[in-house]
Amino acid sequence: MLTTNNKSNVIIEMQNVGIRYGQGPEILSDIRLSLRKGSFHFLTGRSGAGKTSLLSMMYLAQKPSRGSVSVFGQNVNFANRDSLALLRRKIGVVFQDFRLIDHLSAFDNVALPLRVCGMDEREVRKRVMELLQWVELDRSIQATPETLSGGEKQRVAIARAVINRPDLLLADEPTGNVDNDIAPKLMKLFVELNKLGTTVVIATHSEKLISDFAYPRLHLHNRGLRIFGPNDPTGMGVRHV
Amino acid sequence: MSKQPNFIARHEELPLKNNSTSLFLQIMVGIAVFLFAVTLSGVLAINTMLQNWNESILGSLTVQIMPSTDVNPEKAAAETIAHQNKALDVLRSLSFVEKADPLTDKQLEKLIQPWLGDGIAIDDLPVPRIIDVKLKRNVDIDFMDLAYKLAQATPMASVDNHKLWLNKLIQFADGIKILALSILALVIMITSGAIFYTTQTSLGLHKYTIEILHQMGAKDTYVAQQYAKRSAILAFQGGVVGLLIAIPTIFGIASLAHQIEGGIIGEAKLSSLDWLSIIGLPAFAAIIAMLTAYYTVKQTLQKLM
Ligand SMILES: Nc1ncnc2c1ncn2[C@@H]1O[C@H](COP(=O)(O)OP(=O)(O)OP(=O)(O)O)[C@@H](O)[C@H]1O
Ligand SMILES: [Mg+2]
């Protein structure tokens, strides 16, 4: 598959990637991965398997300890700082711990990616209000994260991740804290974005989510990565990517 | 959209305003501008004084050759002329001397005529001879060297000592000026050091927020500009206060100086241009603060990928 792919259709490419923290052992070793534009994957693995670590290389928060990572066709080891910044603008991230800014309102938190790009304030307002209504947070626009519940914070984090209509959406346990009735709605948001062309990777522990949505699964185990086909919990239909 | 409030207050992404380091920065810059203003006014005053002094010693100078006391008038006259020639040789050998000419008998007669009347034969009298020295413009004039070399050549020559004394004063004032200039350089270094430190502290304080901005695709300049702007404002505010304290201080020192020695120090006045540069100090401090903060942020953010 890799060889037949048009390069411009590959959003993320990893070759022989290893990652370690400090002088510790490698958390992930020899990762080979190629994510095509418009694909949708779940990312699984037991706690501590390295899901967040793998995602963080994709969202350009860290470089691999070895091997090469290319995002949108740019090798992160050779890209300069400003072009990395421009790449990050095309990536929406939902962090496992939300990472909202405490002194900013829900509105300002969601507006952040737009303002960072210098978008006109009227357009910012329009877009943010629309999205906050969609995630049912329009009553809390002025609230700061401290006063929001875990699920509400998560929705703010998701809204911030998608506000810029990213080409790549990386979500780390995005539905862990939300009620069962809003979780499908948020998943629907990701699915809709994916239909519009956004490449999506969602790290999750939720077997229900995986079985409800027929998407392939990236599974981390023993420092390595295996890829399972949709609805293939056994891993019998492993595909090589 | 009816639930939407009319006004949504936009908060600063980086709340640099209510930063604990703000007051420190203001006070630091305030003190720096105060010191800078007072020292600078000293430098500028010395400059004016030096200019005035230089003007007054510039251009020309006279060298006197004391007459020989030999009893034989002819021999005495010849000796005096010989001394005069030695002095002339020395003077003409100096790089800053344009020309040195002895006054002619006629000129001398004219000079002493008001005292001794007409019809005096210069050669018969033990009158001092005078050498008129024209000095080059725009070159350093070393009177000490001149006086020393003259004295070596002939004991009979003497230089106008007012100028000698002024020359010593000029050298002293020059020394003070260099000292003051190094103080100014030191003040600038300490100020940017303090701004570097406060910026780094503040960056540490806002590390979390900055990392998020960074992840959202903010370029380093996006953060650096906010710091630069904030530092410039704080430095300007601190600087204005420092300046407001400095101005009466400068006047106070000036009036004290006048009481001590009106004659010399009186020339140490500040021109309106001088005042302009003193009043411009808060803006100068703001520029330094801006640049320091900007590059500190740029450098610190390199740690992020
Ligand atoms: N910043 C770090 N410094 C040192 N070790 C780290 C760091 N981040 C992660 N690790 C280690 O790397 C390993 C993988 O962590 P990671 O967060 O990627 O796992 P995860 O799959 O996301 O786990 P979870 O499901 O609990 O979120 C863990 O053993 C963790 O202790
Ligand atoms: Mg994790």
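Chains A and B, in that order, give the protein sequences.
Okay, so the first sequence: first residue is 3 according to the working numbering, each after it adds one.
Okay, so the second sequence: first residue is 737 according to the working numbering, each after it adds one.
Cβ coordinates follow ideal geometry from the N, Cα and C atoms, glycine included.
Determine the DSSP secondary structure at SER31/A, reduced to helix, strand or coil. strand
From the DSSP output, which residues share a beta bridge with ARG101/A? None, per the DSSP bridge assignment.
Is the shortest distance between the beta-carbon of LYS943/B and the beta-carbons of chain A less than 7 angstroms? no
If distances are taken between C-alpha atoms only, which option among VAL193/A, VAL158/A, LYS210/A comes closest to GLN98/A? VAL158/A
Using the Cα positions of ASP1010/B and ASN903/B, report the straight-line distance between them to the nearest angstrom. 24 angstroms
In whole angstroms, what separates the C-alpha of LYS705/B from that of ALA1022/B? Since the first and last residues shown for chain B are 737 and 1041, residue 705/B lies out of range.
Whose beta carbon lies closer than 7 angstroms to any heavy atom of ligand 2, going through the chain in order? LYS53/A, THR54/A, GLN98/A, ASP174/A, GLU175/A, ALA205/A
Which chain B residues sit within Cβ distance under 7 angstroms of ARG91/A? GLY953
Where HIS942/B sits in the DSSP three-state scheme: coil
Name the residue from GLY778/B, GLU834/B, ALA836/B whose alpha carbon lies nearest to the alpha carbon of ILE919/B. GLY778/B
Per DSSP, what are the beta-bridge partners of LYS210/A in this structure? According to DSSP, LYS210/A bridges with nothing at all.
Using 6 angstroms as the cut-off, classify the Cβ of GLY50/A as near or not near the heavy atoms of ligand 1, replying yes or no. yes
How big is the Cα-Cα spacing for HIS242/A and ILE229/A? Per-residue confidence for HIS242/A stands at a pLDDT of 43, beneath the threshold of 50, marking its modelled position as unreliable; the derived number appears in the next sentence. Their backbone Cα atoms lie some 7 angstroms apart in a straight line.
Cβ shell of VAL875/B (< 6 angstroms), same chain only, five flanking positions each side left out: PHE832
Name the chain B residues that come within less than 9 angstroms of GLN64/A, Cβ to Cβ? MET1041
What residue from THR816/B, LEU824/B, MET892/B, LEU830/B has the CA that sits closest to LEU861/B's CA? THR816/B
Could you pull out every residue in the same chain whose Cβ sits closer than 8 angstroms to the Cβ of LEU227/A, ignoring the five residues on either side in sequence? LEU30, ILE33, ARG34, LEU35, LEU56, LEU220, HIS221
Exposure of GLN740/B, with buried meaning 16 or more beta-carbon neighbours within 10 Å: Low local confidence applies: a pLDDT of 45 at GLN740/B is under 50, so the model's placement there is unreliable, with the coordinate-based value given in what follows. Result: exposed.
Count the other CB atoms within 10 Å of the CB of TYR884/B; is the residue buried (16 or more) or exposed (fewer)? exposed
With a CB to CB cut of under 6 angstroms and the five nearest residues on each side skipped, what residues in its chain are close to PHE743/B? With a pLDDT of 47 at PHE743/B, under the threshold of 50, the predicted position of this residue should be treated as unreliable, and no value is reported.
Using the beta-carbon count (16 or more within 10 Å), is TYR23/A buried or exposed? exposed
Let me know the secondary structure DSSP gives ALA836/B once reduced to three states. strand
Whose C-alpha, out of ILE981/B, LEU839/B, GLY988/B, ALA960/B, is nearest the C-alpha of GLN1035/B? ALA960/B
Using 7 angstroms as the limit for Cβ to Cβ distance, is ILE946/B near chain A? no
Give me the Cα-Cα distance between GLN156/A and GLN936/B, rounded to the nearest whole angstrom. 31 angstroms
Compute every distance between the C-beta of ILE29/A and the non-hydrogen atoms of ligand 1, then say whether any falls below 6 angstroms. yes
Residues of chain A with CB closer than 7 angstroms to the CB of LEU752/B, please, in chain order. Near LEU752/B there are no residues of chain A at all, since even the closest Cβ is about 12 angstroms away, more than 7 angstroms.
N- and C-terminal bounds of the alpha helix (DSSP H) containing LYS1034/B: 1017-1037
Inter-residue CB distance, ALA1019/B and ALA964/B (contact presumed, cutoff 8 angstroms): So it is not a contact: roughly 14 angstroms between Cβ atoms.
Which partner residues of GLN800/B appear in the DSSP bridge assignment? ILE866/B, SER894/B
Taking buried to mean at least 16 other C-beta atoms within 10 Å of its own C-beta, is MET1026/B buried or exposed? buried
For ASP956/B, count neighbouring C-beta atoms within 10 Å of its own C-beta (all shown protein chains included) and say buried if the count is 16 or more, exposed if not. buried
Hey, is PRO176/A's beta-carbon within less than 7 angstroms of any beta-carbon in chain B? no
Residue closest to GLY1016/B, alpha-carbon to alpha-carbon, out of ALA982/B, ASP825/B, SER991/B: ALA982/B
Looking at ALA836/B: is its Cβ nearer than 7 angstroms to the Cβ of LEU827/B? yes
Using C-beta distances below 6 angstroms, list every residue in its chain close to GLY978/B, excluding the 5 sequence neighbours before and after it, in chain order. GLY766, VAL769, PHE770
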